[in-house]
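Heads up: the structure comes next, in structure tokens.
There are 6 protein chains.
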Amino acid sequence: MLIHLSSWPEIDARLKSDHPLARAVVVPIGSNEQHGPTGLLGTDWLCPEIIAHAAEASDDSLTVAPTFNIGMAQHHLAFAGTISLRPSTFMAAISDWISSLARHGFEHIYFLNGHGGNVATIEATFSEVWAEWSFAEARPQMTMKLRNWWDLPGVTGLCNRLFPTGHGMHATPSEIAVTQAAYPERVKTAAYAPQIAPVGPIRDALDYRDRFPDGRIGSDPAQASPAKGREIIDLAAPALIKDLHAFAAEPLPQD
Amino acid sequence: MLIHLSSWPEIDARLKSDHPLARAVVVPIGSNEQHGPTGLLGTDWLCPEIIAHAAEASDDSLTVAPTFNIGMAQHHLAFAGTISLRPSTFMAAISDWISSLARHGFEHIYFLNGHGGNVATIEATFSEVWAEWSFAEARPQMTMKLRNWWDLPGVTGLCNRLFPTGHGMHATPSEIAVTQAAYPERVKTAAYAPQIAPVGPIRDALDYRDRFPDGRIGSDPAQASPAKGREIIDLAAPALIKDLHAFAAEPLPQD
Amino acid sequence: MLIHLSSWPEIDARLKSDHPLARAVVVPIGSNEQHGPTGLLGTDWLCPEIIAHAAEASDDSLTVAPTFNIGMAQHHLAFAGTISLRPSTFMAAISDWISSLARHGFEHIYFLNGHGGNVATIEATFSEVWAEWSFAEARPQMTMKLRNWWDLPGVTGLCNRLFPTGHGMHATPSEIAVTQAAYPERVKTAAYAPQIAPVGPIRDALDYRDRFPDGRIGSDPAQASPAKGREIIDLAAPALIKDLHAFAAEPLPQD
Amino acid sequence: MLIHLSSWPEIDARLKSDHPLARAVVVPIGSNEQHGPTGLLGTDWLCPEIIAHAAEASDDSLTVAPTFNIGMAQHHLAFAGTISLRPSTFMAAISDWISSLARHGFEHIYFLNGHGGNVATIEATFSEVWAEWSFAEARPQMTMKLRNWWDLPGVTGLCNRLFPTGHGMHATPSEIAVTQAAYPERVKTAAYAPQIAPVGPIRDALDYRDRFPDGRIGSDPAQASPAKGREIIDLAAPALIKDLHAFAAEPLPQD
Amino acid sequence: MLIHLSSWPEIDARLKSDHPLARAVVVPIGSNEQHGPTGLLGTDWLCPEIIAHAAEASDDSLTVAPTFNIGMAQHHLAFAGTISLRPSTFMAAISDWISSLARHGFEHIYFLNGHGGNVATIEATFSEVWAEWSFAEARPQMTMKLRNWWDLPGVTGLCNRLFPTGHGMHATPSEIAVTQAAYPERVKTAAYAPQIAPVGPIRDALDYRDRFPDGRIGSDPAQASPAKGREIIDLAAPALIKDLHAFAAEPLPQD
Amino acid sequence: MLIHLSSWPEIDARLKSDHPLARAVVVPIGSNEQHGPTGLLGTDWLCPEIIAHAAEASDDSLTVAPTFNIGMAQHHLAFAGTISLRPSTFMAAISDWISSLARHGFEHIYFLNGHGGNVATIEATFSEVWAEWSFAEARPQMTMKLRNWWDLPGVTGLCNRLFPTGHGMHATPSEIAVTQAAYPERVKTAAYAPQIAPVGPIRDALDYRDRFPDGRIGSDPAQASPAKGREIIDLAAPALIKDLHAFAAEPLPQD
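Chains as they are written, first to last, in the numbering used here: chain W, 16 to 270; chain U, 16 to 270; chain C, 16 to 270; chain Z, 16 to 270; chain Y, 16 to 270; chain H, 16 to 270.
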């Protein structure tokens, strides 16, 4: 069930049902940022959306929230089209999403993340949310989990097999392949050099552009193909369902 | 050109071109909130997205940002599936979007809005952004505009003709028709009474639910149909293009 | 009863009484900003104060708070004497006023506003305040209303009759007339051209000064006179009392 | 010159003149809070306003801003009619006032304060404003001063002579006398006991009400009279002018 | 008992005991900032730490928190090694310390302060914390006190006797003597002129450095010696214990 | 050179020198939180302080800031003595430390961290700081690095050799050993069971206490000894010096 394509009575009925996933929700979360000479700017929010929607299409008992499409991408701001929230803004926004979902009775809020640069801020937000309860000596009525889609069981192994060299860390062939599978009419090609991009630390936007002139880090995205992307999606979607079931099975503590 | 389905070099080239719309960008913005017994929770962000994407499909010279899909919907929080930002959070997030887009050289940032409840906060955000420049005695490098899609020239007139009674203010047949045109497989029906919902002031979430038990305000959404939605889209999309051209033609002041 | 010229036991007794307006309070709110070549910088906070105090003078059962005299005037900052809060600051301050008044048992908080530029931020603040309750699934113990003084029943009609041309939107003859009636010793004259000022969009302070070099928008303030101002006050004050009664008669919802 | 009763060209001309006080401004600042059984809720903002306006009336070369009428009065919130800002809100608001005034070229911003409870927050705000410059290794274009009206040279001595016993710290006969001189029609009487109120620490609102049931601290306000108030004003107003001249004579440092 | 050198079961047992100081805690708080040509940058946090630890060493019934070592020192930022929080940051941090300690049942939280520049912000923080309770019409479960170490009974008298001239206000011989007693191997000497530093107002960092080129205000720190420092500590430590007992003996109000 | 035990002229001279580490600074950062039945509450800030001070003692060319002793420990708040900042507060405070140090010309700011729970928030803070520069299209004048002390080259290997079983994740024998080496008089013993504590996810404070009743996660801290701690320190201190040299050798990018 995609929340945004459902009516409120449908969500209400779902929440009141006794399905194991009734009060669990998947929030695809990513970033809109440069992905090298050929990658789509939306790659990092499209990938978790594609996987979550594929999972939902195969099993309607999943509830999927709209996609949180802008994340923490300050280091990519020297490349046109990148949109970033400051970490403090990102924290406030995630926190309001969580409060909204918890307000309705969602007890297991699962963020399926598509951008490594989001991880620290999402985790800090979880702590900010927990802290409200911890200072108040009270029990929260929900719990939260962060999962990067490439950390779903089996996915990284598959990516390594598909792209034994030149996978890299940004504008990777695996994430680009996932978007190619979903948007085959948007496959782009470009010449780039070196074949495998350099690696290095991530700092501010101008420093990033100095180090990684075409935006890639350690990757050779031309290895991507729609077929490989489909293979990844086909592995990731059921892995997500299984992972969500495990999470939703954890009871909330009570006094 | 949809930013999220483009690469950064494509956006970069667009920004450096001399097309009249080269440095203008449309940001669809809305809300994910209950829309009565039959409306989609995503209605308010889907409508501007549908219209903006239709405009872009007919004229690639438009640049369209990803959709800002969560807005100010605190009053709908007593209905399942609603997700809301607090106004202060919403302001911070919009401000970061604007800063990001301006950073790349977008000079005319046009928000196509789908939710009346967003208007005050978006306008307050514009003032917050302008204030940074005004206190500093400096000239901003961009300008911003807010347009509700129903205020595009001709649209309200058409809606009044299509739905002479029972249009109302929330869960209106016009907005629901727009989503039906785009998602015909998601058309929902439900019995509701009274045929035309009551009207009244908007306050907090529990008060809202007391006043408007099924979520509608003044509307009779069963009048919606995919065909009527298509008619609205077909009028709104070219009106958007024209409106954007007028906005983009305003020069930025310089000393 | 003017709060600031009363003692706390007087306000306490009022709150505990059973008068229909016992737990209602009027807060005059405006802005301190340029009002063209002849208007007082205080015009926008003086007008609601003048009207509210006139109403209170005729009917002591009104409770009037001190005047909130600085609002959102960032666009006027290029003119000497303007003082502005940022929207975010304005929201925090209004919110604390509301919390203070509600703390004492005021249940109907009525803002009589004198500055169009305040409207978006005041409405966003109301949403921020409601959101606290909406996220908490709780009922607020008060309700709030915003009314511009020129929207009091009959007032705009009268202004249009008094000033059929050249009323405009800023430094209008009607608002200047109201201040002239109250401060006849401060009536100022100045040559200005054109007779009716231009109109246009409102953005940052330097842009504003470019578009509206003497500060006026669309107005010809020389048409103002103390007598006309008195006429407006005499209409607005009883309209305020009546409007407040209607608002105060709305019961707070309870479970 | 009272800013709110002047036009912007008048303030503009003043700022460009070469009078020693041309770029100095007095901001009366206080609080709206209970002042015992007989004191006006507005006492703490009325006193600095009365004194500043008296000084301005005797010497038009003073520029006086509108009165900042709501301050930090959280400890008085258990008494009806008190309105308080949180310290963090108060800081943001004062900071915006300072930024606005500095924007126009005011170089010496002088806060004439009427509420002891404001002092810490005003001083913290000054530090917050200075910090912006200090972190940036830059020179501010203005300087700020805080002066409580009772600390104007000679005033405390006079108050001690007028009220050798029972002056106290809150709802003092001296401040009440000042308001009586300005608002003789608002003189209130009430029985209270003990004749001289107790003293003690200031904490939260409920604790305050426990310790000081009628709101007074250490004072016997019945000793106030309009004549004594006039005596205080007549001393304080010229002391303010002199103090402001001394402050305005300090040059701003330059590199 | 030093919290940071104790285990949680030890603190837990202490809190549950019936000792008069069981639920009282001393928080040494200061600043890391320049202290003239010879003073240690840590002087202002070392002094309260030294005194509190000396007191605890003589009487284990004192509970001493870790030292809050960075305060409000924006005016010293033009001197290398100074670290400052903005007042708004400082307030947030102190507030979280207080919330943490109160969470465990500490009812009397006593800040032993070593930096005059902290006072306004600490007091504003107390008001911010109280305001939470005051707006909510609730009773806090703790109370707070601020004491500068030089205001402990007898200490200023001793300092005046030890340093009848040239004590001054910053980089004073008394505070430097206290650090010399504790860190005799870190005694520094330097030539400076004039022998007694100038005095004046405190504003931003560049202004401060203009006025006080070597950092001192009004002081002649070469008069310090480890022996004099020991004398001060030996007086201050028992004074702290006595003062804390008096504070801890105040019962928390209850309804 | 320990900043807090130095004078400002000493730090100033260091900054102006041409030593490879002249403009590098180590900031020990940790947390004050429960460390199981025997660990010191200060363990997480004491460990990086002990290691950094040991390094400085062996090589005075290191500049070490005061210790940032309170971090993000919301999950430990159900255990007495824990003090935590909220992530948002922590971010503001770290940011002010960085701004202060950068203000003086420190170009390489190295955080030696002692608490895993701090990592996300520190990294989010770095992004917040970088974002200021990235949005402004400007180059920062410093760079930052985070290193957990156990990630210094060789340290984890040694810890695994010393404690092949029962090392765990919280209240580990290695961190407790480090504090025992530095504070041998504070070695504590206690009976606990099971010998090796359980593991699990970290959420809010009450949940944490349910899962980990005595505070430990996966550890058997009784294996700690002062001698083992000394071994760890003796490895970590030179590793820190080497790591800092490598970091300080990275030039800041320039246009």
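Ideal Cβ placement from N, Cα and C applies to all residues, glycine included.
Own chain partners of residue i with C-beta closer than 8 angstroms, once the 5 adjacent residues on each side are dropped
{"i": "U:D270", "result": "R154"}
{"i": "Y:I271", "result": "Lying before the first or after the last residue shown, residue 271 of chain Y is absent from chain Y, which here runs from 16 to 270."}
Enclosing beta strand (DSSP E) for residue i [first to last residue]
{"i": "U:I124", "result": "123-128"}
{"i": "U:I44", "result": "39-44"}
Burial state of residue i, where buried means 16 or more other Cβ atoms lie within 10 Å
{"i": "Y:T180", "result": "exposed"}
{"i": "Y:T158", "result": "buried"}
{"i": "Y:E265", "result": "exposed"}
{"i": "Z:E143", "result": "buried"}
{"i": "Y:M106", "result": "buried"}
{"i": "W:E200", "result": "exposed"}
{"i": "U:K257", "result": "exposed"}
{"i": "Z:A263", "result": "buried"}
{"i": "U:A242", "result": "exposed"}
Unbroken alpha helix (DSSP H) run spanning residue i, endpoints
{"i": "H:R154", "result": "Where H:R154 is concerned, there is no enclosing alpha helix (DSSP H), given that its DSSP letter is neither H nor E."}
{"i": "Z:D111", "result": "102-118"}
{"i": "U:S189", "result": "188-197"}
{"i": "Y:D258", "result": "241-263"}
{"i": "Z:N175", "result": "170-177"}
{"i": "W:K31", "result": "23-31"}
Nonlocal neighbours in the same chain, by C-beta distance under 6 angstroms from residue i, ignoring five residues either side
{"i": "H:H19", "result": "P81"}
{"i": "Y:D59", "result": "G45, S46, G129, H130"}
{"i": "W:I109", "result": "T140"}
{"i": "U:L61", "result": "T194"}
{"i": "W:P188", "result": "F178, P236, Q238, A239"}
When the options are compared against residue i, the one with the closest alpha-carbon
{"i": "H:D222", "options": "H:L92, H:T78, H:E200", "result": "H:L92"}
{"i": "H:F227", "options": "H:A237, H:I211, H:R38, H:S189", "result": "H:I211"}
{"i": "U:R101", "options": "U:T171, U:N163, U:A220", "result": "U:A220"}
{"i": "Y:P213", "options": "Y:V202, Y:E200, Y:R176, Y:S234", "result": "Y:S234"}
{"i": "C:G230", "options": "C:R38, C:T53, C:L77, C:I113", "result": "C:T53"}
{"i": "W:T78", "options": "U:A95, U:F141, U:G120", "result": "U:A95"}
{"i": "W:E8", "options": "W:L259, W:G215, W:V193", "result": "A query on residue 8 of chain W cannot be resolved here, the shown segment of chain W reaching from 16 to 270 and no further."}
{"i": "U:A72", "options": "U:F262, U:L267, U:L255", "result": "U:L255"}
{"i": "W:I85", "options": "W:F150, W:E64, W:E48", "result": "W:E48"}
{"i": "Z:F150", "options": "Y:P168, Y:V134, Y:R218, Y:F178", "result": "Y:R218"}
{"i": "Y:F83", "options": "Y:L56, Y:L55, Y:V42, Y:D111", "result": "Y:V42"}
{"i": "U:L55", "options": "U:A196, U:W148, U:D33, U:L177", "result": "U:A196"}
Chain-order list of residues whose beta-carbon lies under 7 angstroms from that of residue i (same chain, five-residue window excluded)
{"i": "W:T171", "result": "W165"}
{"i": "Y:A252", "result": "I66, A69, A70, S73"}
Can you list, in chain order, the stretches of the beta strand (DSSP E) that have 3 or more residues and sit fully within the region 52-94 of chain C?
-> DSSP runs (the beta strand (DSSP E)) wholly in the region 52-94 of chain C: none.
Segments assigned beta strand (DSSP E), at least 3 residues, entirely inside the region 200-238 of chain C | Counting only unbroken stretches of 3 or more residues, no beta strand (DSSP E) element lies wholly within the region 200-238 of chain C.
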